[in-house]
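S.K.: When we follow my numbering, the leftmost residue of the sequence shown carries the number 2, and every step to the right adds one. Positions of the beta carbon are idealized from the N, C-alpha and C atoms, including for glycine.
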Amino acid sequence: MSSGSAIRGSRIGSSPMRPDERSEPAPRRQVTYFCAADHDSIIWFAAEAAIPDTWDCPRCGQPAGLDRSNPPGKSRTEPYKSHLAYVKERRSEEDAAAILAEALAKVRQRRGE
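Below, the structure is given as structure tokens:
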């Protein structure tokens, strides 16, 4: 058994702590996006990648565009909806009453009522 103080799996000092010098990094390009709050976001893309027209600003979360003089407007935030609100969008009151009656009938049948 060896001592427990040895650092296993690493070769400290044997190789440089930077990207592999034998390989070339993929070509990329820098794109700057501008939001309505005057934030500049510099995003790097692969050279062959399609550049999107808008990007979410990493600082404020609002949409940012490529044109400094005409940034996109603030996005409209949707109010929080509960699960019940989504269910009410899909079902009418009559559907809800029918589903409830069916579920209650199954429960009563299991209980022997």
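For residue 43, name the three-state secondary structure that DSSP assigns.
M.R.: Taking the first residue of the sequence shown as 1, we reach residue 43 at position 42. In the structure shown, residue 43 sits in a strand (DSSP, three-state: E or B).
S.K.: Across which residues does DSSP place residue 29 in a beta bridge pair?
M.R.: The count along the sequence shown starts at 1 and reaches residue 29 at position 28. 47, per the DSSP bridge assignment.
S.K.: So, with DSSP's three-state summary, where would you put residue 104?
M.R.: Indexing the sequence shown from 1 puts residue 104 at position 103. Helix.
S.K.: When DSSP builds the beta bridges, which residues end up paired with residue 36?
M.R.: What you label residue 36 is simply residue 35 of the sequence shown in a count that begins at 1. Beta-bridge pairing links residue 36 to 65.
S.K.: Using CA coordinates, which residue listed in 79, 72, 110 and 80 is at the minimum distance from residue 36?
M.R.: The residue you call residue 36 lines up with position 35 of the sequence shown. The shortest C-alpha separation from residue 36 is found at 72.
S.K.: Between the C-alpha atoms of residue 54 and residue 101, what's the straight-line distance to the nearest angstrom?
M.R.: Counting from 1 along the sequence shown, the entry for residue 54 is found at position 53. Counting from 1 along the sequence shown, the entry for residue 101 is found at position 100. The alpha-carbon atoms of residue 54 and residue 101 are separated by roughly 48 Å.
S.K.: Mind checking residue 87: buried by the 16 CB within 10 Å criterion, or exposed?
M.R.: One-based indexing of the sequence shown puts residue 87 at position 86. Exposed: under 16 other Cβ atoms inside 10 Å.
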